[in-house]
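Position 391 of the sequence shown, counting from 1, maps to 391 under the working numbering, and the rest follow consecutively. Taking it in order: structure first as structure tokens, then the write-up.
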Amino acid sequence: MFSVGLLHAAHSAVSAIDFDTMAALLAGLWISAVYYGEKLIAFLFTYGKEIIGLLGGAYGILNWWYYRESVLHYRLEKYLTREDARLKDARRDVLYTLARPGERRQFAEPKFAVLPLRKILRRRNLDSRWSWRLPESEADRLLSGALKRISRQNAVLEKAQQNYREQTVTAHILKGVVAALKAQRNEKREGAFRSASLHEFRMALAIPGRDHRLFVLEQIGHQLRCLGMLDAAAETYTTLQAEIHLQPPGKAKDLALARALKWRAVVHQAIRIYDGTPGTGALRAWGGPAQGLGVKAAVEELLKPHAPLTDWDAVEYGDTAYVAAFVAHNLGFNEMERESLSDAATAYASAQDSQTRPLWRMRGKEKMIAKAARAGIKRVQDAQQRGDYDHAWLLPPGAPLETQSDAPQNPPEPIGSGGGQNGVPQTS
């Protein structure tokens, strides 16, 4: 009893201390808030007019800048309209100077009358009365200078048109990306958002230019794949691969080609799963021989000069190796499956190790790479331990997975076990 009473008294004392400490802390915070609030109010009373004046001046300068730009476009439009009217008048006046065939003129081709033409040149200020040259020669000199000036102005106009085209492309791409993001977050309207995203990317692709075509074609293929239009997606990825071959050699080209090979294989595998024959047609998509190692070998050959891979490059290669393992799993190539999963795990681990800070301190691209690497490692572990592949990640929505066997898949067999060695499919 004595010990229980002693514990109760100690608990009461600690509670009292905690309450007093908390009350003192809150009082200190309140006093600090009142003090700094008074300082802020005094500062606003002292310098309020100056602050409002600065903000108003900045707002006025900003409005002036926008108004100046809009006036520039308006003046350019008026100038082009006025110059176009002057050119039409000049062409009409020149037609009046044609010496037409008549009773005394028997010729087929039109000839210009000299005196009327000189009058037209003087009227258009294309002749100098103080020059010793003939009006035609002086006009020719002035017009040559005008053509050079027009050529320079036309170059500026072409740059402006190129800039407007790039802005339009960027706007369509951003709208397509936003619609695709909405599709990921709204399952009920996913089809509508995917269609809207596909429309925006196609609008961007229709605008002349080569810098954006590879990215836009890849995004069109992704949206078609997510909508279940697998044949159209396969055709788009094939077009993408053909355009990548036209790019100058380098790391960017090799990485883009590796991605195109991977997505072609994913689409072909999805088509075969829809047909109920998974794996049988995927080898053709890899770009290698019919009995060969498939896309993984082709991608390894592409990326060998750029090793070691880190960051997104390592994640991309891990995804490719995981897809290759999935195809080998469907074909019964156990050794190829085991090696592909091992390579995928190594690539994901390399991407994860390149991020040195803990996840809670990462931001932006660094955090996205770390999350993608962790998700990839989890997928590989599920495939290695249980033979369970992430069909939601591998295949487009709505793939008829029930056509596959309902029995759980066996994990890949080690080297030296029964069937499926050296790329030879298992036989019953």
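Idealized CB from N, CA, C, for every residue including glycine.
Whole angstroms are fine: how far does the CA of residue j sit from the CA of residue i?
| i | j | result |
| --- | --- | --- |
| leucine 54 | phenylalanine 43 | 15 Å |
| serine 342 | threonine 168 | 44 Å |
| arginine 225 | aspartate 390 | 17 Å |
| alanine 321 | isoleucine 207 | 35 Å |
| glycine 287 | alanine 232 | With a pLDDT of 38 at glycine 287, under the threshold of 50, the predicted position of this residue should be treated as unreliable, and no value is reported. |
| alanine 307 | alanine 325 | 21 Å |
| glutamine 241 | glycine 250 | 15 Å |
| arginine 194 | alanine 179 | 7 Å |
| leucine 429 | lysine 182 | Lying outside 1 to 428, the shown extent of the chain, residue 429 is not represented and no answer is given. |
| glutamate 366 | threonine 21 | 42 Å |
| proline 248 | isoleucine 61 | 45 Å |
| serine 350 | arginine 202 | 36 Å |
| leucine 445 | valine 266 | Examination of residue 445 is not possible in this model, given that the chain is present from 1 through 428 alone. |
| serine 32 | phenylalanine 45 | 20 Å |
| leucine 40 | leucine 25 | 22 Å |
| glutamate 38 | leucine 29 | 14 Å |
| asparagine 186 | glycine 57 | 45 Å |
| glutamate 218 | lysine 371 | 23 Å |
| alanine 297 | glycine 209 | 33 Å |
| leucine 246 | threonine 236 | 16 Å |
| isoleucine 52 | asparagine 63 | 16 Å |
| glutamine 161 | lysine 175 | 21 Å |
| glycine 191 | glutamine 352 | 34 Å |
| alanine 27 | serine 197 | 56 Å |
| serine 354 | arginine 338 | 25 Å |
| valine 380 | proline 305 | 26 Å |
| glutamate 166 | threonine 239 | 22 Å |
| glutamine 384 | arginine 357 | 28 Å |
| tyrosine 36 | tyrosine 47 | 16 Å |
| serine 340 | lysine 188 | 36 Å |
| lysine 148 | valine 156 | 13 Å |
| alanine 373 | asparagine 163 | 38 Å |
| alanine 392 | aspartate 211 | 32 Å |
| aspartate 382 | valine 34 | 58 Å |
| glutamate 158 | valine 177 | 29 Å |
| leucine 143 | isoleucine 150 | 10 Å |
| histidine 222 | isoleucine 273 | 18 Å |
| lysine 49 | tyrosine 59 | 15 Å |
So what does DSSP say about residue i, is it helix, strand or coil?
| i | result |
| --- | --- |
| threonine 320 | helix |
| asparagine 186 | coil |
| histidine 245 | coil |
| aspartate 254 | helix |
| glutamine 493 | With the chain covering 1 to 428 only, the question about residue 493 has no answer from this structure. |
| threonine 310 | coil |
| isoleucine 273 | helix |
| arginine 264 | helix |
| glycine 53 | helix |
| aspartate 211 | coil |
| phenylalanine 333 | coil |
| proline 110 | With a pLDDT of only 48 at proline 110, under the threshold of 50, the placement of this residue in the model should not be trusted; the figure read from the coordinates follows. It is coil, neither helix nor strand. |
Ends of the alpha helix (DSSP H) at residue i?
| i | result |
| --- | --- |
| glycine 228 | Taken as a continuous stretch (DSSP letters only), glycine 228 belongs to no alpha helix (DSSP H), as it is neither H nor E. |
| lysine 365 | 364-386 |
| leucine 394 | 391-394 |
Just checking my contact of residue i with residue j at CB under 8 Å: how many whole Å lie between their CB atoms?
| i | j | result |
| --- | --- | --- |
| isoleucine 173 | alanine 146 | At roughly 40 Å, the Cβ-Cβ gap does not stay under 8 Å, so isoleucine 173 and alanine 146 are not in contact. |
| valine 299 | alanine 258 | 4 Å |
| isoleucine 377 | alanine 345 | 6 Å |
| arginine 264 | glutamate 243 | Contact flag wrong, Cβ pair sits at about 14 Å. |
| leucine 309 | leucine 303 | 6 Å |
| leucine 394 | aspartate 313 | Contact doesn't hold; Cβ gap of about 21 Å is too wide. |
| methionine 336 | alanine 328 | 4 Å |
| proline 396 | alanine 234 | Actually they do not touch by this definition, with Cβ atoms about 12 Å apart. |
| aspartate 319 | lysine 262 | 7 Å |
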